[in-house]
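When we follow this note's numbering, the leftmost residue of the sequence shown carries the number 7, and every step to the right adds one. We treat Cβ as the ideally placed atom computed from N, Cα and C, and that holds for glycine. Please read these numbers as outputs of a predicted model, since none were measured by experiment. Single-structure report; data block below.
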Amino acid sequence: MKKQWVVAAGAVVLLCSLAVVGVLVWRPWVKRNEPELAREAEDEPSEGEGTKEDEKESEEVQEESDGLESEAVVPEQPTVSAGEESGNCTINWGNLILINPNFMVDQDFIAARRGQLISISQTYGIPEYHYAGNGDNIMMPEAAAHLNEMLAAYRAEYPGHEIGTYSCFRARGTTCGRLCAATGASDHHTGLTCDLIDLAYGADLNSDDYAAHIEWQWLKANSYKYGFIDRFPEAWAGGLMSEPLNVDEHGSTGLYETWHYRYVGVGPATEIAMGKYNNGQYDSLEHYLKVTQGIVDLKNGVCRN
Ligand SMILES: [Zn+2]
């Protein structure tokens, strides 16, 4: 009897030791993988979004990411001929800057850009509907002024309605599939972009809801007058969102997002919306820049210097 107790006690001690070792090994693994597991979508589509837990997770990741060095994915080095340059040659193109997976920016650019932005909440009272998400209600001053004019025009046309933002500037990207862009590859780094929505038509950012969202239809038809474009129109998505990301040499953006509006200035926005270089059909920023600014290779990020 006594021997059996000794064996049982020994077994308990052994199990406890295994549990302690297991926790020690597991915790660092979880810690290391947390950022990848917890990231939210580039534009926060409706799936898996909106709970308090998600928001808390997102904040924790934000804090962690802020302290890390660049998470940018470095693309393969392209072949560059004489008179051409690789890297993001559009950085000094003002409102026409291009940021996508083939034309990336580094942490220094992102930090410097952040310092140029103003609060559109404080300056113009533009509401922010997604406080805890990834992104701040800040923009380049010229874009902010035009956004304010645009939203005022919408309010005038639809009394009682209001468009607010879900996410404007982002210092970090996301890594959760096709609707995400890694840090360095997101249009939200430009300080010229906001995700826009009128909550009267629903709170989810989901392109399938386009027919119900009068504000997205209004923006598509009118935003160019204020210098904004539908940055990711369906016709330039480069395939279905269920297929692999395709940002190609012809000007596909890789994304279809009915809520994402980007300031480029009234002249370019008008030419893009009217399809001046796309047979009268809505253009993509990528294709427009290739035609008008002489980007040599949209796929590999090569410019004429
Ligand atoms: Zn967006």
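TODO: Compute the distance between the beta-carbons of Y230 and A279, then report whether it is under 8 angstroms.
DONE: On the sequence shown, residue 230 is found 224 positions in, with the first residue counted as 1. On the sequence shown, residue 279 is found 273 positions in, with the first residue counted as 1. A contact, by the Cβ cut-off of 8 angstroms.
Open item on the list: Count Cβ pairs between the region 192-204 and the region 268-284 that sit closer than 8 angstroms; are there 3 or more?
Closed with: yes
Task: Distance CB(L205)-CB(F238) smaller than 8 angstroms - done: In the sequence shown, the residue the question calls residue 205 occupies position 199. In the sequence shown, the residue the question calls residue 238 occupies position 232. No, the pair does not count as a contact, with Cβ atoms beyond the cut-off.
Open item on the list: Between the alpha carbons of H195 and V111, how many angstroms are there, rounded?
Closed with: As a first step, residue 195 must be located in the sequence shown, where it is residue number 189. As a first step, residue 111 must be located in the sequence shown, where it is residue number 105. So the two alpha carbons sit approximately 8 angstroms from each other.
Task: M146 in three-state terms, based on DSSP - done: As a position in the sequence shown, residue 146 is number 140, starting the count at 1. If DSSP states are grouped into helix, strand and coil, M146 belongs with coil.
TODO: Please indicate yes or no: does the CB of T199 lie closer than 7 angstroms to some heavy atom of ligand 1?
DONE: Locating residue 199 in the sequence shown gives position 193, where the first residue counts as 1. Yes, the Cβ of T199 comes within 7 angstroms of a heavy atom of ligand 1.
- [ ] Counting only the same chain and skipping the five closest in sequence on each side, list residues whose C-beta sits under 6 angstroms from that of I116.
- [x] Within the sequence shown, the letter at position 110 stands for residue 116. Correct list, in chain order: A177 and H195.
Task: Contact under 8 angstroms by Cβ, N108 with N306 - done: Numbered from its first residue, the sequence shown carries residue 108 at position 102. Numbered from its first residue, the sequence shown carries residue 306 at position 300. Against a cut-off of 8 angstroms, the Cβ pair of N306 and N108 comes out as a contact.
Open item on the list: Can you tell me whether A265 is helix, strand or coil according to DSSP?
Closed with: Working through the sequence shown from its first residue, we reach residue 265 at position 259. First, the amino acid is wrong: residue 265 is Trp here, not Ala. Note: W265 maps to strand in three-state DSSP.
Task: Range of the contiguous alpha helix (DSSP H) that encloses R120 - done: For this step, residue 120 is matched to residue 114 along the sequence shown. Looking at the DSSP string, the run of the alpha helix (DSSP H) that includes R120 is Q113 to R120.
Task: Bounding residues of the alpha helix (DSSP H) (the contiguous stretch that carries I132) - done: Within the sequence shown, residue 132 is the residue found at index 126, counting from 1. No alpha helix (DSSP H) contains I132, which DSSP labels as neither H nor E.
Open item on the list: Check for me: the beta strand (DSSP E) holding V302 runs from which residue to which?
Closed with: As a working note, residue 302 is residue 296 in the sequence shown. Where V302 is concerned, the enclosing beta strand (DSSP E) stretches over I301 to D303.
TODO: Could you name the residues that DSSP lists as bridge partners for E90?
DONE: Position 84 of the sequence shown, counted from the start, is the residue given in the question as residue 90. E90 is bridged to R310.
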